[in-house]
Amino acid sequence: MTPFLGEIFGTMILIIFGGGVVAGVVLKHSKAEASGWIVITFGWAMGVTMAIYAVGQFSGAHINPAVTIALATIGEFPWSRVPGYVLAQLLGAFMGAVVVWLHYYPHWQKTESQGAKLAVFCTDPAIPHTPSNLMSEIIGTFMLVLGVLAIGANEFTEGLNPLIIGLLVLAIGLSLGGTTGYAINPARDLGPRLAHFILPIAGKGESNCKYAWIPVVGPLVGGAAGGLFYRHVFIDGDSVAMTIALGVIVVCLGVDFIVEKRWSSRNTASDQD
42 MTPFLGEIFG
52 TMILIIFGGG
62 VVAGVVLKHS
72 KAEASGWIVI
82 TFGWAMGVTM
92 AIYAVGQFSG
102 AHINPAVTIA
112 LATIGEFPWS
122 RVPGYVLAQL
132 LGAFMGAVVV
142 WLHYYPHWQK
152 TESQGAKLAV
162 FCTDPAIPHT
172 PSNLMSEIIG
182 TFMLVLGVLA
192 IGANEFTEGL
202 NPLIIGLLVL
212 AIGLSLGGTT
222 GYAINPARDL
232 GPRLAHFILP
242 IAGKGESNCK
252 YAWIPVVGPL
262 VGGAAGGLFY
272 RHVFIDGDSV
282 AMTIALGVIV
292 VCLGVDFIVE
302 KRWSSRNTAS
312 DQD
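Residue numbers (our numbering): 42 to 314.
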């Protein structure tokens with residue numbers, strides 16, 4: 042199998058398990074209906090694990106443009122191969138979403154909530170707040186890439202790495218996923234969102250395309266930052282890099298605080314009108 046096909050099938054497996062568990066929990070008359078957030082996060086974690094087991098030997102199982110670009114940013118992956126990997130990941134995510142749609146075919150008609158149907162395919166913020174939603178995706182993906190690189194630096198019994206990375210994704214979902222649904226993967230969100238837009242899903246409603254840039258830009262920024270942070274602080278032990286990183290965090294917090302104040306003031310004024 043070529044790396045291109047490996048990324049297609051790996052990302053498709055991820056979405057079949059990940060989108061599938063969400064569908065099982067939120068769609069009506071599923072035997073897993075209303076089984077909760079723990080089930081969803083565990084299903085996604087196992088989807089990541091199985092995807093890496095399936096195609097790791099062929100492509101390295103990036104299954105995520107944020108990971109691919111982060112590795113290229115720190116010199117661990119050639120930039121010339123990035124476009125092919127990203128295209129494969131988007132195709133695989135789209136295909137996986139189609140499989141989920143077909144698998145749960147009769148349940149779409151039985152489910153009235155348009156939001157529930159959209160949630161099967163892509164993420165949506167618990168509280169719409171652009172600066173905070175973007176920051177959530179940056180932080181979540183920062184921790185993902187930092188964790189993946191740290192795990193790869195350790196010695197494990199052969200074959201356990203995919204399981205440990207799956208547990209990392211489980212931890213991110215449990216700890217950080219409650220705000221935006223933790224896309225932490227542009228392909229995971231954009232590919233299925235396009236599928237939701239195109240497929241004849243019964244009573245599907247809007248695809249919330251105005252939000253779609255956040256789970257793309259946030260993970261790309263967070264992933265690159267996580268890779269650079271690991272390389273310069275964990276590997277090089279660069280105190281200057283640590284200082285810069287802390288400074289960036291302080292600036293980001295300050296910007297978020299200022300934007301939050303303006304956001305709140307604008308919304309308050311709108312409510313009064």
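Backbone N, C-alpha and C define an ideal beta-carbon position, used for all residues, glycine too.
The structure displayed is predicted, hence computed values, not measured ones.
An exposed status is given to E117, since fewer than 16 other beta-carbon atoms sit within 10 Å of its beta-carbon.
In the three-state reduction of the DSSP assignment, S173 falls in the helix class. Counting only runs of 4+ residues, the alpha helix (DSSP H) found wholly inside the region 186 to 239 occupies 202 to 217, 227 to 239, in chain order. Between the region 127 to 135 and the region 181 to 192 there are fewer than three inter-stretch CB-CB distances shorter than 8 Å, so the stretches are not counted as touching.
The beta carbon of V108 sits closer than 7 Å to the beta carbons of V186, V189, G264 from its chain, once the five residues preceding and following it are set aside; these are given in chain order. Just measuring C-alpha positions, the residue of W78, A212, N202, M176 sitting nearest V258 is M176. Boundaries of the alpha helix (DSSP H) harbouring S100: 78 to 100, taken from the DSSP string. In the three-state DSSP reduction, A253 falls in the coil class, being neither helix nor strand. Between the region 215 to 225 and the region 190 to 198 there are fewer than three inter-stretch CB-CB distances shorter than 8 Å, so the stretches are not counted as touching.
At the C-beta level, R234 and L55 stay beyond 8 Å of one another. Non-local C-beta neighbours of L204 in its own chain, meaning closer than 6 Å and more than five positions away in sequence, comprise T90, ordered along the chain. With a cutoff of 8 Å on beta-carbon distance, G268 and A157 are scored as not near each other. Assignment of S248 by DSSP, reduced to helix, strand and coil, places it in the coil class. The DSSP-derived three-state label of E178 is helix. Below 8 Å, enough C-beta pairs join the region 156 to 173 and the region 234 to 253 to call them touching: three or more. Around the beta carbon of V291, fewer than 16 other beta carbons sit within 10 angstroms, so the residue counts as exposed. Counting other Cβ atoms within 10 Å of its Cβ, G101 reaches 16 or more and is therefore classed as buried. When DSSP states are grouped into helix, strand and coil, H103 belongs to the coil group.
In the three-state DSSP reduction, L68 falls in the coil class, being neither helix nor strand.
Relative to the Cα of G59, the nearest Cα in the group I104, K151, F99, P44 belongs to I104.
E178 sits close to I225, with the two beta carbons spaced by under 8 Å.
Of the other Cβ atoms in all chains shown, 16 or more fall within 10 Å of the Cβ of F50; this residue is therefore buried. Here G61 is actually not in contact with L159; their C-beta atoms are around 15 Å apart, not less than 8 Å.
In its chain, beyond the 5 residues on either side, G246 have a beta carbon closer than 6 Å to the beta carbon of Q155. The three-state secondary structure of T152, taken from DSSP, is coil.
With distances taken between CA atoms, I206 lies nearest to F83 out of F83, G77, T43. By the CB criterion at 8 Å, A129 and F45 fall inside the cutoff.
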